[in-house]
Amino acid sequence: MKKNKLILIGTNNKGKFKELSYLLPKKFKKISPLKLKIKSPIESGKSFLANSKIKANYFSKISKITSLSDDSGLCINCLKGKPGVLSARWAKKYGGFRKAMKKIIDLVKNKNKNKKNKNFKAKFICSLTFKEPNKNSISAEGILYGNISPKILGNKGFGFDSIFIPKNYKITFGQMNKKKKINIDHRFLAYKKLKKKVKIL
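Take the sequence shown: its letters are residues 706 to 906, numbered as in the working numbering.
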């Protein structure tokens, strides 16, 4: 692969684009689907892995550029893994991420009402797929465990960051320094695994 080769970061989510841009080596020139006026495909997969593959294959085929796509979301134990792959759709359903976070907090509190053993456990999952034109895709998944905060705390992150407290920490991703968050989160864990499979990363 030549230096400064284009890589399309297959997401129209600004937060995800920034994080993946930070993780990728400087030798890549990063571009977004929006810049190429490419709309996102329908995410019909039933898992994060399936959806990341759908996006990477789609963006690589349409753009004829090496693509890196992310599919990620929040899975909450007491809600049987919801919102899961429907995380972004929950935000749309409830009128934005802030309202969706309030809804999640209410649901989690209700599930734990009158229970001796409270369960606020959750995990963020990220599946990354790397796809070069005319080559097989390569994927990796990162999982970060933690708990749901009883309140929305902080505004430094995006998505559901302000209600997720990573394991061994006492603050939410929304309260955490951005660089600190990028270097410990589920996206970083997935990228770390992907780097072992794709040498050019």
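Don't be surprised by glycine CBs; every beta carbon is placed ideally from N, CA and C.
Between which residues of its own chain and residue i is the CB-CB distance below 7 Å, once the five residues before and five after are set aside?
| i | result |
| --- | --- |
| GLY879 | LEU858, GLY859, ASN860, LYS861, GLY862, ASP866 and SER867 |
Would you kindly check if the distance between the Cβ of residue j and the Cβ of residue i is under 8 Å?
| i | j | result |
| --- | --- | --- |
| LEU711 | LYS734 | yes |
| ASN824 | ASN817 | yes |
| LEU899 | PRO730 | no |
| ILE853 | VAL790 | no |
| TYR799 | ALA793 | no |
| ILE887 | THR877 | no |
| SER737 | ARG892 | no |
| LYS826 | ASN782 | yes |
Keeping to the same chain, check which residues put their C-beta closer than 6 Å to that of residue i; ignore five residues upstream and five downstream.
| i | result |
| --- | --- |
| LYS828 | CYS780, ILE848 and TYR850 |
| LYS872 | TYR850 and GLY851 |
| GLY801 | none |
If you follow the alpha helix (DSSP H) that residue i is part of, which residue opens it and which one closes it?
| i | result |
| --- | --- |
| GLY847 | Where GLY847 is concerned, there is no enclosing alpha helix (DSSP H), although the beta strand (DSSP E) it sits in stretches over 843-853. |
Please classify residue i as buried or exposed, where buried requires at least 16 neighbouring CB atoms within 10 angstroms.
| i | result |
| --- | --- |
| LEU739 | exposed |
| SER844 | buried |
| PRO855 | exposed |
| ASN819 | exposed |
What residue does the beta strand (DSSP E) around residue i start on, and which one ends it?
| i | result |
| --- | --- |
| LYS900 | First-last for LYS900: 891-902, but that is the alpha helix (DSSP H), not the beta strand (DSSP E). |
| SER772 | 772-781 |
Between residue i and the rest of its own chain, which residues show a CB-CB distance below 8 Å, the 5 nearest in sequence each way excluded?
| i | result |
| --- | --- |
| GLU846 | PHE753, LEU754, ILE830, CYS831, SER832, LEU833, ALA895 and LYS898 |
| LYS904 | none |
| ASN882 | LYS861 |
Closer than 8 Å is the cut-off here; do at least three beta carbon pairs connect the region 748-767 with the region 835-842? yes
Do the region 746-756 and the region 716-725 meet, that is, are 3 or more Cβ pairs less than 8 Å apart? Fewer than three pairs of CB atoms, one per stretch, sit closer than 8 Å, so the region 746-756 makes no contact with the region 716-725.
So, do the region 771-785 and the region 749-763 have three or more beta carbon pairs nearer to each other than 8 Å? yes
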